[in-house]
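Here is the structure we will look at, set down as structure tokens.
In this note's numbering, the protein residues as written are -3 to 115.
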């Protein structure tokens, strides 16, 4: 049985990989073997980091809220507890944006949380 060297299936498969590797550094963008490994690894990182992204953003929001809370002389955990007791349902993303963009509104929310805590 003859060996297929320049068949369309083979060419298409290689073309697909090299197209995915466009923009990679050096041999990884032009050499099929190197590109195949690079594209596979990139896919693994992309899959993993789509999940990590959610964790990373939540950590960022919590850090921002915590910093804003400390200027209002309350800890993050007591602030969140105060919000729960006050019945205020704002997610961390919204609270973070509030702390950055509208400090007065954030301080009002903190006051309500403190009031619910009895501080």
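Even glycine gets a Cβ: it sits at the ideal position worked out from N, Cα and C.
All values reported here derive from a predicted model rather than from experimental measurement.
Please report how far the alpha carbon of residue i lies from the alpha carbon of residue j, in whole angstroms.
i: residue 64; j: residue 113; result: 18 Å
i: residue 53; j: residue 26; result: 35 Å
i: residue 14; j: residue 75; result: 52 Å
i: residue 51; j: residue 72; result: 18 Å
i: residue 116; j: residue 49; result: Look at the range of the chain in this structure, -3 to 115, and you will see that residue 116 is not part of it.
i: residue 19; j: residue 5; result: 24 Å
i: residue 161; j: residue 7; result: Summary: the structure shown does not reach residue 161, with the chain confined to residues -3 through 115, and so no result is reported for it.
i: residue 21; j: residue 59; result: 35 Å
i: residue 39; j: residue 82; result: 45 Å
i: residue 108; j: residue 62; result: 16 Å
Once the 5 residues before and after residue i are set aside, which same chain residues still bring their CB inside 7 Å of it?
i: residue 17; result: 24, 25, 31, 34, 35
i: residue 68; result: 103, 106
In chain order, what residues of the same chain have a beta carbon less than 6 Å from the beta carbon of residue i, not counting five sequence neighbours either side?
i: residue 10; result: 28
Please give me, in chain order, every unbroken run of the alpha helix (DSSP H) with length at least 4 that falls completely inside the segment 33 to 87. 72 to 82
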